[in-house]
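Visitor: Submitted below is the structure of interest, expressed as structure tokens.
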Amino acid sequence: MANADIPNTRADCEALDRLDPLAGQRAAFLPPDGVIYLDGHSLGPATHAALKRIEHTAQKEWANGLIRSWNDAGWIDLPRTVGAKLARLIGAQPGEVIVTDSVSVNLFKLAAAALPHATRLAIIVEDSEFPTDQYIAEGLASSGVADFIRAGEDQGANTLAQLGGGVLIKSVVNYRTARVSDIKALEEQATANGGLIVWDLSHATGVIDLDLNASGAKLATGCTYKFLNGGPGAPAFIYAHASLASQLQSPITGWFGHADPFAFTSAYTPREGVSRFATGTPGVLSLSALDAALDAFAGVDTAMLARKARQLGDLVTARVTQLGLETISPSDGAMRGGHVSVRHPDGYAIVQALIARGIISDFRAPDAMRFGVSPLYLRFTDVWDAMDQLQDVLATRAFDHPDFHRRSTVT
Ligand SMILES: Cc1ncc(COP(=O)(O)O)c(C=O)c1O
Numbered sequence: 173m174a175n176a177d178i179p180n181t182r183a184d185c186e187a188l189d190r191l192d193p194l195a196g197q198r199a200a201f202l203p204p205d206g207v208i209y210l211d212g213h214s215l216g217p218a219t220h221a222a223l224k225r226i227e228h229t230a231q232k233e234w235a236n237g238l239i240r241s242w243n244d245a246g247w248i249d250l251p252r253t254v255g256a257k258l259a260r261l262i263g264a265q266p267g268e269v270i271v272t273d274s275v276s277v278n279l280f281k282l283a284a285a286a287l288p289h290a291t292r293l294a295i296i297v298e299d300s301e302f303p304t305d306q307y308i309a310e311g312l313a314s315s316g317v318a319d320f321i322r323a324g325e326d327q328g329a330n331t332l333a334q335l336g337g338g339v340l341i342k343s344v345v346n347y348r349t350a351r352v353s354d355i356k357a358l359e360e361q362a363t364a365n366g367g368l369i370v371w372d373l374s375h376a377t378g379v380i381d382l383d384l385n386a387s388g389a390k391l392a393t394g395c396t397y398k399f400l401n402g403g404p405g406a407p408a409f410i411y412a413h414a415s416l417a418s419q420l421q422s423p424i425t426g427w428f429g430h431a432d433p434f435a436f437t438s439a440y441t442p443r444e445g446v447s448r449f450a451t452g453t454p455g456v457l458s459l460s461a462l463d464a465a466l467d468a469f470a471g472v473d474t475a476m477l478a479r480k481a482r483q484l485g486d487l488v489t490a491r492v493t494q495l496g497l498e499t500i501s502p503s504d505g506a507m508r509g510g511h512v513s514v515r516h517p518d519g520y521a522i523v524q525a526l527i528a529r530g531i532i533s534d535f536r537a538p539d540a541m542r543f544g545v546s547p548l549y550l551r552f553t554d555v556w557d558a559m560d561q562l563q564d565v566l567a568t569r570a571f572d573h574p575d576f577h578r579r580s581t582v583t
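Residue 383 in our numbering sits at position 211 of the sequence shown; the count goes up by one each step and never skips.
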């Protein structure tokens, strides 16, 4: 290898695959034949364990166990037991995480709960943020509880400082560019200015080396169907630092957040800690699948995940740059999450042409092709071969076929 870090040939990639300490994790997954999956940042692939667990939960616990399984199979505690399992991957204590609802709903709950603890009733979100984060921030503010401020890209914390407080909703890894934010620095800035940050970890969990406790993060939520491979629509998680959780009031006071839901009292008493952010009956099938999917991370160090994602991303960056394409992701791997975004006016059609060849990635309007580099199951040779196909699709203009220009609902 000419550059010690970035493979230059397929043989270099084969050598890296042989040395890869994560190579063994691939066996946990079921990659379909003939597919190279570069879309783990959108929907993680199925694991053998998750499919087996869904079968078990449906057949044994539901069909046979019926209502008894809420107690006997531990269904009632799943939001906490799965949260505790996930906690290690984000650098939280086991009791600081629960699995519940969607990221959208959780952003609403956390931002509303954080507002009374900020020195200004203002909700700030950046205009480069994932749309649901912007919609939730604006929607919550429009109920009259706070002012709404849309800041420029990476200007959220500065805006909070200028306002002298407020609640900032911010992604750790931007969904479009994959740029990583410095949690510790932004937390320090927000705290010094009377503000709180609600972190969106959707594109960060399972792919970068997170240490929420050490970074001073107080509140966060994130997806489990991306790099955590929980399955389509798997529930999201909430993290609230132990020192703050019991001081917060969730705006959605559902019975699962009650201290004693089966006492059936009229008065609402919140549970201690982050569990007060639970709302209604959890989706047991999804939670069970996620629980089993997380086993693929057993014994895996998040620093190892981050290192391999960086190496794979460097390879994508090098290959697309050689093709004369422009990336909007940081070229410095330390600043980049689990995908590389590449601009092209025909990006949608190129992605479709690649999918027709079994190279699955995705597209974000107006012109970003996103190539995901999930470290648990991708080999360096997979990424190399995918980039060969990209080169061929561009050289032959295979993407010109009208079929590849027809937009599906999900891109
Ligand atoms: C950064 C980010 N936040 C939130 C979401 C949406 O989360 P949910 O559908 O669970 O509300 C996504 C989905 O892709 C996302 O990428």
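Ideal Cβ positions, reconstructed from N, Cα and C, are used throughout, including at glycine.
Just so you know, these numbers come straight off a predicted model, no measurement behind them.
Quick check on the DSSP output: the alpha helix (DSSP H) that includes GLY338 runs from which residue to which?
Guide: Careful: GLY338 lies outside any alpha helix (DSSP H), inside the beta strand (DSSP E) at 338 to 343.
Visitor: Hey, ALA200 and ALA468 are a contact pair by Cβ (cut 8 Å); roughly how many whole angstroms apart?
Guide: Right, the Cβ-Cβ distance comes to about 4 Å (below 8 Å), so this counts as a contact.
Visitor: Can you list, in chain order, the residues of its chain whose CB lies under 8 Å from that of ASP564, leaving out five sequence neighbours each side?
Guide: ALA570
Visitor: Does LYS281 pass the burial test, meaning 16 or more other C-beta atoms within 10 Å, or should it be called exposed?
Guide: buried
Visitor: Is it right to say ALA232 is buried, meaning 16 or more other beta carbons lie within 10 angstroms of its own, or is it exposed?
Guide: Looking at the sequence itself, residue 232 is Lys, so the reference to Ala does not match. Counting Cβ neighbours within 10 Å, LYS232 comes out exposed, since fewer than 16 surround it.
Visitor: Note down, in chain order, each residue of its chain lying with its Cβ closer than 8 Å to the Cβ of ALA386, except the 5 sequence neighbours on either side.
Guide: GLY263, LYS356
Visitor: Enumerated in chain order, which unbroken segments of the beta strand (DSSP E) with a length of 3 residues or greater are wholly contained in the segment 345 to 391?
Guide: Whole beta strand (DSSP E) segments, 3+ residues: 367 to 372.
Visitor: Would you be able to state if there are at least three C-beta pairs under 8 Å between the segment 385 to 400 and the segment 259 to 273?
Guide: By the criterion of at least three beta-carbon pairs nearer than 8 Å, the segment 259 to 273 is in contact with the segment 385 to 400.
Visitor: Answer with buried or exposed for SER374, where buried requires no fewer than 16 other C-beta atoms within 10 angstroms of its C-beta.
Guide: buried
Visitor: With H, G and I counted as helix, E and B as strand and the rest as coil, what does DSSP make of PRO407?
Guide: Coil, per DSSP.
Visitor: Any heavy atom of ligand 1 closer than 6 Å to the beta-carbon of TYR307?
Guide: For ligand 1, not one heavy atom lies less than 6 Å from the Cβ of TYR307.
Visitor: Are LEU487 and PRO547 closer than 7 Å when you measure CB to CB?
Guide: no
Visitor: Could you tell me if ASN243 is buried or exposed, where buried requires 16 or more neighbouring beta carbons within 10 angstroms of its beta carbon?
Guide: exposed
Visitor: My output table needs one value for PHE434: the three-state DSSP class, helix, strand or coil.
Guide: helix
Visitor: Kindly indicate which three-state DSSP category TYR549 falls into: helix, strand or coil?
Guide: coil
Visitor: Using three-state DSSP, classify GLU298 as helix, strand or coil.
Guide: strand
Visitor: On the three-state DSSP scale, how would you describe MET173?
Guide: Confidence is the limiting factor: at MET173 the pLDDT is only 44, short of 50, which leaves the residue's position unreliable, though a coordinate-based value still follows. Coil at MET173, not helix or strand.
Visitor: What's the C-alpha gap between PHE436 and ALA290?
Guide: 33 Å
Visitor: According to DSSP, is PRO251 part of a helix, a strand, or is it coil?
Guide: helix
Visitor: On a Cα-Cα basis, can you pick out the residue from LEU497, ALA465, THR489, ILE410 that is closest to VAL275?
Guide: ILE410
Visitor: Should SER276 be listed as close to ligand 1, given that the test is whether its C-beta is under 6 Å from any heavy atom?
Guide: yes
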